[in-house]
Amino acid sequence: MNFLAHSLISLEIDEQENKKTLYGNFTGDFYKGLVDKIELPEELKEGIVLHRIIDGISDRNENFLNELLVEKFGIFKGIVSDMFIDHFLAKNFDRLFNENINNIEKKILYNISKNQSFFSKKFAGTFTWIKNEKVMSNYKDIDFLERAFYGISKRVRKGEIFKDGCRGAGKKLQFL
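Start counting the sequence shown at 0; every next residue gets the next number (numbering that gives the first Met the number 0).
Okay, structure coming up:
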């Protein structure tokens, strides 16, 4: 769910170490099971491993966002935390990175699209939405974020928790 955060980490690694982690890191939530069993080139699997390491760190109890969100969102706290991390990155992107988020988003999407032959049906639909809606740059807008949460609420069991709670969570987290 935090496509921007995962992508920024991979862009840096890929540039500094001449690797290709972006695709796997970006799509990591769409691959289940043992990485060795996933049918992808080894260089792309490295990104899935990286994705799982990042998620393992961000899902820990020590993550202060999880503490703020667990009471209201329970098992969905990680999704909410991920999306708010991308919200604050997008909202403050120019100041944090001294770059235009739209240019970085185009670079990310271009590099992901080079691996289109590996897209699962489910990811292909998500990628089209991400690209057409300019999700990574639009996450800066709390109203856009709410619409994204509403979309999730329709696709997951007990998703109604997303409908009402996200604006309140946004107000609670505005200090970031």
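Glycine included, every Cβ here is placed at the ideal spot set by N, Cα and C.
When the options are compared against residue i, the one with the closest alpha-carbon
i                 : options                          : result
histidine 86      : Lys18, Thr20, Ala147 and Arg156  : Ala147
glycine 46        : Lys105, Ser57 and Asp28          : Asp28
isoleucine 141    : Ile160, Ile100, Phe83 and Phe117 : Phe83
phenylalanine 118 : Ser6, Leu33 and Ile37            : Ile37
Cβ neighbours of residue i in the same chain (closer than 8 Å, five flanking residues each side left out)
i              : result
isoleucine 160 : Lys71, Phe72, Gly73, Phe75 and Ser152
aspartate 93   : Asn99 and Ile100
Close beta carbons around residue i, own chain, < 6 Å, minus the five adjacent residues each side
i                 : result
leucine 64        : Ser80
phenylalanine 130 : For the record, residue 130 in the displayed sequence is lysine; it is not phenylalanine. Here the set comprises Leu108.
methionine 0      : Ile78, Asp81 and Met82
Local Cβ density within 10 Å of residue i, reported as buried at 16 or more and exposed below that
i             : result
leucine 95    : exposed
asparagine 24 : buried
Neighbourhood of residue i by C-beta, 7 Å cutoff - its chain only, sequence neighbours within 5 removed
i           : result
arginine 51 : Gly27
valine 34   : Lys44, Ile47 and Val48
With three or more beta-carbon pairs closer than 8 Å as the criterion, would you say the segment 70-78 touches the segment 128-144? no
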